[in-house]
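What follows is a single structure, written as structure tokens, with notes after it.
Residue numbers (UniProt numbering): 1 to 54.
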């Protein structure tokens, strides 16, 4: 069961408020940008130095 379905069943008024509040439509590239998909990711190596993994 998805979270949206659960909220719809248990808290119908709150679900309707959330649906009305969500106005802006984001494109796939905007969502990826917010998630940080195309950014560099660093990790600590064995000796403690930073290492770029992606």
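All C-beta atoms in this analysis are idealised placements derived from N, C-alpha and C, irrespective of residue type, glycine included.
Where residue i and residue j are concerned, what is the direct C-alpha to C-alpha distance, given to the nearest angstrom?
i, j, result
"residue 9", "residue 41", "39 Å"
"residue 35", "residue 14", "26 Å"
"residue 3", "residue 54", "31 Å"
"residue 22", "residue 52", "36 Å"
"residue 17", "residue 25", "17 Å"
"residue 12", "residue 47", "53 Å"
Leaving out the 5 sequence neighbours to the left and right, which residues in its chain are closer than 7 Å to residue i when beta-carbon positions are compared?
i, result
"residue 28", "none"
Quick test of your reading: residue i and residue j, contact by CB under 8 Å. State the CB separation rounded to the nearest angstrom.
i, j, result
"residue 30", "residue 38", "About 12 Å; that fails the 8 Å criterion."
Please return the same chain residues whose Cβ sits closer than 8 Å to the Cβ of residue i, not counting the five positions on each side in sequence.
i, result
"residue 20", "none"
"residue 50", "42, 43 and 44"
Per DSSP, what are the beta-bridge partners of residue i in this structure?
i, result
"residue 52", "42"
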